[in-house]
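Since the structure comes first, as structure tokens, the remarks are kept for the end.
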Amino acid sequence: MSDKRRLNIAFIVSMKYGLTQFIFRDIEALKKQGHDVKLFSLLDKPGLYRPLPDWEVVVASRWASLVCCLKLLLRRPIFFLQLFRSAWSTSSLANLAVAAQFAPQMNDREVIYSYFGDHKLFAGYYCKRITDIPLVVTIRAYELYRNPNPLMFREALQLCDSVVTITEHNKEQLVDRYGVESDKIDIVRQIVDLDRYKFKSTIKILIVGFFAEKKGHEILFRAIKRLQRDDVELWVVGDLNPSINQTDCRQLAKDLEIESQVAFFGQQRGTALRALYGACDVFCLPSRKDSFGDHEGFPNVIAEAMAFSKPVVTTRHAGIPEAVDALLVDENDVEQLAAALREVCDNAELRQQLGERNRLTAEQMFSEANSNRLAQILQSHSHKSQDASNGKPSQSKAEVVTVT
């Protein structure tokens, strides 16, 4: 942008699933440059990307649109009837109604910017006709091939002051298929935050489990905070479960101001979970007794991490020391946990040694031989029951099986 002055922009979007990532980035970038961006949204549904608290947002409302149409009719009857005739002939009455609501709130805007050449553009088209504010649209792709209103699309493109698209191919389509003048089209490729999206060597610490108090998420999060290292990432697999004494890990990450270091993957299984085990550098589960006195047995996720040849940092809790004999810390001890994590993060050779040892332990303790043993016990008791049914006395002594 050659003119660096501050712009007042009316940005028309549709938060069908919140904002898309690339639109969110564009808004952030415009605001970072000092421009005043006011959002006008056709919908307001939840999604991954939402407007930030200080962003000004106007959301379309059916009743507000109808009231504003009546006001426009009373104030400018002939003009409104011209708009209505145009909307009727192009099947865009709903877009006209939305524009009637949006336009009065654009009086302080210098340019209307519609992102996508669909209903956002059609609303912008009528906003321009009502306000005479310049209209710019960005065309991504689908509008060229599956436009919801091709007739309206052609008409709206002709009224645009500028058409922005992201590839030379799209520009050719706009010229050849839709008759847009070539010198009216600018190519502006999408934005990538090059500071955030670049390779960075980090130590990935993985925790897997429901957000239960006894899993020790809070202790681990506080240990990550205590480390004060930007080369450490925490990967969190699991989610809240209302049936257990839970910890709100997402809120905890916010409260501790470590959100930038924590990646939440939700619940995972199968190939996705195995990929995370394979890609992490350290597995950590600081298990503990919870406030109701509940304990772990032996966490299966520790056995899985050991099978993946990963170093395990955990606690002296319940049966865990029976299989893990290194990098054990006391329950609820943030300092000890941070020190253990620091030790394993700083020493690649130690990570490899512990991982190899854990794999051997997993082969010895957690193989399918355990299932064979269990089947044998069940089978032996089945025989005793069969003997009893044949008149032979059965054993009354119960056998306790410990499955690790």
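Residue numbering for the sequence shown follows my numbering, beginning at 4 and increasing consecutively.
Ideal Cβ placement from N, Cα and C applies to all residues, glycine included.
Paired residues, beta bridge with residue i - DSSP
i	result
M18	D47
G241	Its beta-bridge partners do not exist; DSSP assigns none.
A266	W238
N373	None; N373 has no bridge partner.
K41	A13, E59
Y116	F14, V139
For residue i, the nearest candidate out of the options (CA to CA)
i	options	result
D258	R225, D234, A275	R225
Q319	D297, S290, R345	The displayed chain sequence assigns Arg, not Gln, to residue 319. Checking every option, the nearest Cα to that of R319 belongs to S290.
E359	D336, Q379, L331, V327	V327
L147	L138, K174, S165	K174
T317	K19, L331, D242	L331
G120	P107, F202, E221, P153	P153
V62	V70, W238, K48, N244	K48
R9	S17, H38, H384, S68	H38
A308	S383, I210, Q24	I210
R53	R65, K35, F25	F25
I188	Q355, R143, M155, R277	R143
Q193	R362, N361, D29, A365	D29
W238	S246, K74, L279, A159	L279
N248	Q254, E338, F202, K292	K292
A282	S204, G241, H384	S204
P107	A67, L353, Q85	A67
I227	S94, I15, A343, R65	A343
V191	K201, A159, C130, Y118	Y118
L340	V285, V178, F202	V285
Backbone CA spacing between residue i and residue j [nearest angstrom]
i	j	result
A310	L197	37 angstroms
L51	L22	7 angstroms
A13	G212	45 angstroms
E31	K123	19 angstroms
K400	N375	Only weak support is given to the placement of K400: the predicted model assigns it a pLDDT of 49, under 50, and the value that follows is read from those uncertain coordinates. Approximately 21 angstroms, taken between the alpha carbons.
T250	E171	50 angstroms
L230	N373	39 angstroms
Q161	L55	34 angstroms
E2	A256	Outside the displayed range of the chain (4 to 407) lies residue 2, so it cannot be described from this structure.
F125	L45	11 angstroms
Y20	H220	30 angstroms
L288	A275	19 angstroms
I169	P314	46 angstroms
E346	V235	13 angstroms
V265	D233	11 angstroms
L223	I380	39 angstroms
M18	L243	26 angstroms
S185	R157	15 angstroms
R180	G127	22 angstroms
E216	E334	12 angstroms
I133	C71	12 angstroms
F105	P151	21 angstroms
L84	Y129	13 angstroms
Q367	D349	29 angstroms
Heavy atom of the ligand ADP within 7 angstroms of residue i beta-carbon
i	result
G182	No copy of the ligand ADP appears in this structure; indeed no ligand is present at all.
Unbroken beta strand (DSSP E) run spanning residue i, endpoints
i	result
L209	206-211
L154	Careful: L154 lies outside any beta strand (DSSP E), inside the alpha helix (DSSP H) at 153-162.
T23	Counting along the chain, T23 falls outside any beta strand (DSSP E), and DSSP gives it neither H nor E.
D189	188-190
L288	285-288
V139	138-142
V167	165-168
Host alpha helix (DSSP H) of residue i (start-end)
i	result
V364	A quick correction: the sequence has Thr, not Val, at residue 364. That run of the alpha helix (DSSP H) goes 351-368.
I227	220-230
V304	303-310
T317	Per DSSP, T317 belongs to no alpha helix (DSSP H); it is in the beta strand (DSSP E), 315-318.
R88	80-92
V178	171-181
Y254	Looking at the sequence itself, residue 254 is Gln, so the reference to Tyr does not match. Taken as a continuous stretch (DSSP letters only), the alpha helix (DSSP H) holding Q254 covers 252-258.
R132	122-134
G273	273-282
Using a Cβ distance threshold of 8 angstroms, determine whether the stretch 154-170 contacts the stretch 123-138, with at least three qualifying pairs required.
With a cut-off of 8 angstroms, the stretch 123-138 and the stretch 154-170 count as touching, because enough Cβ pairs lie within range.
Touching or not, the stretch 86-102 and the stretch 111-119, by the rule of three or more beta carbon pairs under 8 angstroms?
no
For the pair the stretch 265-277 and the stretch 291-303, tell me if three or more CB-CB distances fall below 8 angstroms.
no
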